[in-house]
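In my numbering, the protein residues as written are 1 to 198.
Don't be surprised by glycine CBs; every beta carbon is placed ideally from N, CA and C.
Everything below concerns the one structure shown next.
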């Protein structure tokens, strides 16, 4: 199985980095091929040029490579912090430029773009791992968990990824090293469940 990991956090010492490292190691231990992108380290350009919007547009080579990768993998893992109930801007730009028409979805012939997209992604499993400084109770009560809506309903459901899972680790700012280690063990368990040995 081939699995894509997309990491979006600017601090190399962050818990997000620890999560993505453990996820990658667990996947490899289970015999899977891993494609890994740290968007900040790679200085991914998040701004979507107007000329790139149409289906079939000429793409920058970096974007073209990302599109080929996301359309060819069996699983997708996204790791990012909860910033204002959204992914960081660099990751939103990756969505805009890579989860695109003709790659992740398309419309029926004759549809002018107002219908429901037909998903194209080959991946059967998507996993989103988030960190937050907001407790789960407050997140649900005040905000309704917008990240769940974004990733499950607005992206992966529409791109035909059938098996979606998401885990939020909170509250990061007050967590102890023991708590973080327990969370990393939980990451291993999630990976082993969703991406077992080949």
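Cβ separation of residue 40 and residue 8, assumed to be a contact under 8 angstroms, to the nearest whole Å: On the chain shown, position 40 is the one that residue 40 refers to. On the chain shown, position 8 is the one that residue 8 refers to. With a Cβ gap of about 7 angstroms, residue 40 and residue 8 count as contacting.
At least 3 beta-carbon pairs within less than 8 angstroms: the region 59 to 73 vs the region 115 to 132: yes
Cut-off 6 angstroms between Cβ atoms - residues of its own chain near residue 132, not counting five sequence neighbours on either side: By 1-based counting over the chain shown, the position of residue 132 is 132. Hits under 6 angstroms: 82, 168 and 170.
Beta strand (DSSP E) runs contained entirely in the region 127 to 195, provided each spans 3 or more residues: 163 to 170
Residue 149 versus residue 127: straight-line alpha-carbon distance, rounded: To locate residue 149, count along the chain shown from 1; it is residue 149. To locate residue 127, count along the chain shown from 1; it is residue 127. Distance between the alpha carbons of residue 149 and residue 127: 14 angstroms.
First through last residue of the alpha helix (DSSP H) which encompasses residue 68: Stepping through the chain shown from its first residue, residue 68 is reached at position 68. It spans 61 to 72 - the alpha helix (DSSP H) in which residue 68 sits, taken as one unbroken run.
Buried or exposed (CB count within 10 angstroms, at least 16 for buried), residue 38: Stepping through the chain shown from its first residue, residue 38 is reached at position 38. Residue 38 comes out buried.
Alpha carbon of residue 192 to alpha carbon of residue 55, nearest angstrom: Your numbering for residue 192 matches position 192 in the chain shown. Your numbering for residue 55 matches position 55 in the chain shown. Near 36 angstroms, if we compare the C-alpha coordinates of residue 55 and residue 192.
Range covered by the beta strand (DSSP E) that runs through residue 75: Numbered from 1 along the chain shown, position 75 holds the residue referred to as residue 75. 75 to 81 is the extent of the beta strand (DSSP E) around residue 75.
Sheet register partners of residue 119 (DSSP bridge): Translated into the one-based positions of the chain shown, residue 119 becomes position 119. Paired residues: 105.
CB contact below 8 angstroms: residue 197 versus chain B: Absent from the structure: chain B. Only one protein chain is present.
Start and end residues, alpha helix (DSSP H) containing residue 53: Looking up residue 53 in the chain shown gives position 53. Element bounds for residue 53: n/a, residue is neither H nor E.
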